[in-house]
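Notes for the one structure printed next.
There are 2 protein chains.
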Amino acid sequence: MAEIMHRVGIGCRAQDIYPLLTTDEGLSRWWTTDTRGAGEVGSIIQFRFDGAGPDFEVIELVQDRRVVWRHSGEMPPAWMGTEISFDLEQTEKQTFINFSHYNWKQADAFLAHCSSKWGVFMMSLKSSIETGRGQPFPDDVHIDYDE
Amino acid sequence: MAEIMHRVGIGCRAQDIYPLLTTDEGLSRWWTTDTRGAGEVGSIIQFRFDGAGPDFEVIELVQDRRVVWRHSGEMPPAWMGTEISFDLEQTEKQTFINFSHYNWKQADAFLAHCSSKWGVFMMSLKSSIETGRGQPFPDDVHIDYDE
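If you read the sequences in order, they're chains E and Y.
FYI, numbering that gives the first Met the number 0 numbers position 56 of the first sequence as 55, with every residue one higher than the one before it.
FYI, numbering that gives the first Met the number 0 numbers position 80 of the second sequence as 79, with every residue one higher than the one before it.
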């Protein structure tokens with residue numbers, strides 16, 4: 000199984016990041032402004048990009064420490080069976096987000112695209128906290144001319 | 000073995016990217032300004048960041064198509080045994096760079112850090128061509144407060 004990993008340090012406490020991973024308003028600040036359904040374990044979050052996009056079920060929540068989602072539905076097909084985890088690691092001068100999108104069937108061009116794009120969104124999450132302004136869709140940083 | 004992948008599309012032809020992967024001057028525009036030794040297959044490229052940094056041996060070159068490096072020396076230890084490939088894929092409206100840093104022994108926090116940082120440098124390569132201004136070290140985008 001293939002995996003995308005990222006690790007970014009944000010100048011804040013873990014408790015400042017956790018709401019950005021667990022509420023519609025928080026997720027809207029860095030991934031896509033059209034986010035609905037975030038809540039407790041079992042809730043299904045709908046992320047939309049011009050009307051289409053993936054759903055994820057919240058399968059684990061540890062306050063200020065860890066968030067895990069399991070892909071739900073059929074969009075995009077390559078994400079079926081995958082999961083995403085966010086692990087927060089607070090140190091004296093920053094909190095690291097350890098991101099993983101795992102259980103991919105293939106390490107192909109689409110995984111490579113998503114790896115670069117997740118990197119852009121991790122930086123959007125970082126700047127949404129540090130500068131008050133993230134770059135969620137539809138203002139996201141483009142990594143190619145197909146998106 | 001673990002792997003980092005990225006895929007970025009640049010608004011140019013493959014021949015515009017190839018020199019940025021194969022010459023000191025080109026590599027200095029997006030990764031680190033202190034780059035020496037780039038050349039034909041067998042040459043050892045020294046990438047330096049404040050005096051220290053990795054060496055890579057050029058092990059494959061296909062003009063305007065493919066570049067492969069094998070890590071050389073002992074810095075950083077986790078990169079020993081790894082290789083990096085850049086595959087260029089020209090389409091009508093852009094050229095994709097398919098990047099892979101593979102043969103990692105462990106998918107750990109340092110791999111995750113490097114994945115995010117390679118993403119930043121792929122965007123630096125993209126902007127060095129599209130805007131004429133990349134962000135190589137020491138003007139690189141920081142992803143945490145340890146670097």
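From the three backbone atoms N, C-alpha and C, an ideal C-beta is built for every residue, glycine too.
- With fewer than three CB-CB distances shorter than 8 Å, the segment 133-144 of chain Y does not count as touching the segment 36-44 of chain Y.
- Non-local C-beta neighbours of S127 (chain Y) in its own chain, meaning closer than 6 Å and more than five positions away in sequence, comprise R28, W29 and G133, ordered along the chain.
- CA-CA distance, I16 (chain Y) to G36 (chain E), rounds to 43 Å.
- The beta carbon of M4 (chain E) falls within 8 Å of a beta carbon belonging to chain Y, placing the residue at that interface.
- Residue pairing of W68 (chain Y) in beta bridges, as defined by DSSP: Y:V57 and Y:I83.
- Neighbours of D15 (chain Y) across chain E, judged by C-beta separation under 7 Å, do not exist; the nearest C-beta is about 15 Å away.
- A Cβ-Cβ contact shorter than 8 Å links D63 (chain E) with Q14 (chain E).
- When Cβ-Cβ separations below 8 Å define contact, D33 (chain Y) makes no contact with chain E.
- Assignment of beta-bridge partners to W103 (chain E) by DSSP yields E:A1.
- DSSP places D15 (chain Y) within a helical segment (H, G or I) once states are collapsed to three.
- For Q89 (chain Y), no Cβ of chain E is located within less than 8 Å of the residue's own Cβ.
- The C-beta separation of G52 (chain Y) from T31 (chain Y) comes to about 7 Å, placing the pair in contact by the 8 Å criterion.
- For N97 (chain E), the C-beta contacts it makes with chain Y under 8 Å involve A108 and A111, in order along the chain.
- Under DSSP, T34 (chain E) forms a beta bridge with E:F46.
- Looking at the backbone, the Cα of I58 (chain Y) and that of G25 (chain Y) are separated by about 18 Å.
- Under the Cβ distance rule, D145 (chain E) counts among the residues neighbouring chain Y, one pair being separated by less than 8 Å.
- When only Cα atoms are considered, S123 (chain Y) and I3 (chain Y) end up about 17 Å apart.
- From the beta-carbon of K92 (chain Y), the residues of chain E found nearer than 7 Å are Y144.
- Here R6 (chain E) really is in contact with A108 (chain Y); their C-beta atoms are around 6 Å apart, less than 8 Å.
- With a 10 Å radius around the Cβ and a threshold of 16 neighbouring Cβ atoms, P76 (chain Y) comes out exposed.
- Cα atoms of I83 (chain Y) and K116 (chain Y): separation of roughly 14 Å, rounded to the nearest angstrom.
- For G118 (chain Y), same chain residues with a beta-carbon under 6 Å away, outside a window of 5 residues either side, are H5 in chain order.
- Put simply, the CB of G133 (chain Y) is far from chain E, with every gap to its CB atoms at 8 Å or more.
- Nearest in C-alpha terms to P137 (chain Y), of all of Y:G131, Y:T90, Y:T130 and Y:F120, is Y:F120.
- For S114 (chain E), the nearest beta carbon of chain Y is closer than 8 Å to its own beta carbon.
- Listed in chain order, the non-local C-beta contacts of M74 (chain E) below 8 Å within the same chain comprise A51, G52, P53 and D54, local neighbours out to five positions each way being set aside.
- At a cut-off of 8 Å between beta-carbon atoms, V67 (chain Y) makes no contact with chain E.
- Residues of chain Y with a Cβ closer than 7 Å to the Cβ of M121 (chain E) are, in chain order, S115.
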